[in-house]
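Here the structure is laid out as structure tokens; the discussion comes afterwards.
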Amino acid sequence: METPDSPKALRPALYLLPSTMSDAPVSDVLPARNIEVMRQIRHFVVENVRTARRFLKRADRSICIDELSFTELNEHTPASEVEAMLAPLLEGHPVGVISEAGCPAVADPGADLVAAAQRRGLEVVPMVGPSSILMALMGSGFNGQQFAFAGYLPYESKARAARLREMTRRIAHDDQTQIFIETPYRNNKLIAELASTLPGELRLCVACDITGPGQTIVTRKLSEWRRVKPDYDKRPTIFLLYR
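All you need for this note's numbering is the position in the sequence shown, starting with 1, plus 578.
Below you can see the structure in the form of structure tokens.
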């Protein structure tokens, strides 16, 4: 029996549920509405089942994980299998999408499922939550009107150098902030590489452990980064370049 305080039943839709990016308490990062929505969903499409189960339990210990169904969607999932993940939604059930960290469908395989839902005219509901890309941009002091996220830089040296030249060109000619990431154990090496190969007047923002207890967001000219020895080894980090 419903009471005046009972949550309103969810309409069938694809709910994009941001997850935490650190060990900070879930209530410090996500609004209560997200938790309310999670409690009512029984079908989830997730990037990693183990991570998703742990996140849901952290969000609300009363959630019975064993009563939920999980389907993995990650970079190894064949494109031919994505459409079938909408089956519970087509049967009238709400479906939640959870990324490994942060906002699903932003630099994330969940975008393929959203595209499939849009093709079928199904409702998509993005929920409020942390995005390391946007939060790093917010804290950098760089241009938030024109920006691009480049993902990982190429590993091969010639391709990497060409990408950095192109990014430098876009900063100069398009007034565009450049945002990218690196494998965490290479963070320190990347900073040293940028400082030694790019113009010293360019500014580099290093945003580390966003939303976590050790969060740092530091912007300096590359000429200044050359004189310091930062230690961001094995820590989740976003890098931004601008003039």
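The beta-carbon is built from N, C-alpha and C at its ideal position, and this holds for glycine as well.
So what does residue i bridge to, in DSSP terms?
{"i": "Tyr593", "result": "Gly674 and Val703"}
{"i": "Leu819", "result": "Gln756 and Leu782"}
{"i": "Phe725", "result": "Thr755"}
{"i": "Tyr730", "result": "Ile759"}
{"i": "Gly719", "result": "Paired residue(s): none; Gly719 is not in a bridge."}
{"i": "Arg798", "result": "Leu782"}
{"i": "Gly790", "result": "Answer by DSSP bridge pairing: none, since Gly790 is not bridged."}
{"i": "Arg680", "result": "Note on residue identity: the sequence assigns Gly, not Arg, to residue 680. Ser597, per the DSSP bridge assignment."}
Among the options, which residue has its Cα nearest to the Cα of residue i?
{"i": "Ala637", "options": "Thr655, His654 and Arg617", "result": "Arg617"}
{"i": "Arg821", "options": "Leu691, Asn721, Ser710 and Phe622", "result": "Asn721"}
{"i": "Ala634", "options": "Thr655, Ala657, Ser658 and Pro603", "result": "Here the sequence assigns Leu to residue 634, which means Ala is not the residue at that position. When each option's Cα is compared against that of Leu634, the closest is Pro603."}
{"i": "Arg698", "options": "Met599, Glu661 and Thr655", "result": "Glu661"}
{"i": "Ser801", "options": "Leu772, Lys767, Gln754 and Pro791", "result": "Leu772"}
{"i": "Ala740", "options": "Asn765, Ala714, Thr775 and Lys767", "result": "Thr775"}
{"i": "Asp644", "options": "Val627, Pro656 and Thr655", "result": "Val627"}
{"i": "Asp787", "options": "Thr655, Ala714, Ser605 and Val623", "result": "Ala714"}
{"i": "Leu712", "options": "Asp601, Lys767, Thr755 and Ala587", "result": "Thr755"}
{"i": "Met745", "options": "Tyr733, Phe725, Glu734 and Ser735", "result": "Phe725"}
{"i": "Leu664", "options": "Leu742, Ala694 and Ser605", "result": "Ala694"}
{"i": "Ser605", "options": "Arg639, Gln696 and Val692", "result": "Arg639"}
{"i": "Arg589", "options": "Pro656, Ala657 and Leu668", "result": "Leu668"}
{"i": "Ser735", "options": "Leu768, Arg748 and Ile749", "result": "Leu768"}
{"i": "Asn765", "options": "Pro656, Gln696, Ile816 and Val607", "result": "Ile816"}
{"i": "Gln723", "options": "Arg738, Asp753 and Arg747", "result": "Asp753"}
{"i": "Ala657", "options": "Arg632, Val692 and Val684", "result": "Val692"}
{"i": "Arg632", "options": "Ala587, Val607, Leu608 and Asp601", "result": "Asp601"}
Confirm, please, whether the CB-CB distance from residue j to residue i is below 9 Å.
{"i": "Leu818", "j": "Ala785", "result": "yes"}
{"i": "Arg781", "j": "Thr797", "result": "yes"}
{"i": "Pro777", "j": "Ser710", "result": "no"}
{"i": "Val673", "j": "His751", "result": "no"}
{"i": "Cys783", "j": "Ser718", "result": "yes"}
{"i": "Asp811", "j": "Tyr763", "result": "yes"}
{"i": "Pro682", "j": "Glu625", "result": "yes"}
{"i": "Glu779", "j": "Lys799", "result": "yes"}
{"i": "Met599", "j": "Gly792", "result": "no"}
{"i": "Thr629", "j": "Glu659", "result": "no"}
{"i": "Leu646", "j": "Ile676", "result": "no"}
{"i": "Gly670", "j": "Ser597", "result": "no"}
Continuous beta strand (DSSP E) assignments of at least 3 residues falling wholly in the segment 611-677: 621-624, 647-650 and 673-676, all fully within the segment 611-677.
Quick one: any contact between the segment 588-595 and the segment 695-706, if contact means 3 or more CB pairs under 8 Å? They touch, by the three-pair rule.
Are three or more beta carbon pairs between the segment 704-719 and the segment 595-615 nearer than 8 Å? These segments touch.
Are there three or more Cβ pairs, one per stretch, closer than 8 Å when the segment 640-653 is compared with the segment 686-693? With a cut-off of 8 Å, the segment 686-693 and the segment 640-653 count as touching, because enough Cβ pairs lie within range.
Are the segment 753-770 and the segment 726-735 in contact at 8 Å, needing three or more beta carbon pairs? By the C-beta criterion, the segment 753-770 is judged to be in contact with the segment 726-735, since at least 3 inter-stretch pairs fall below 8 Å.
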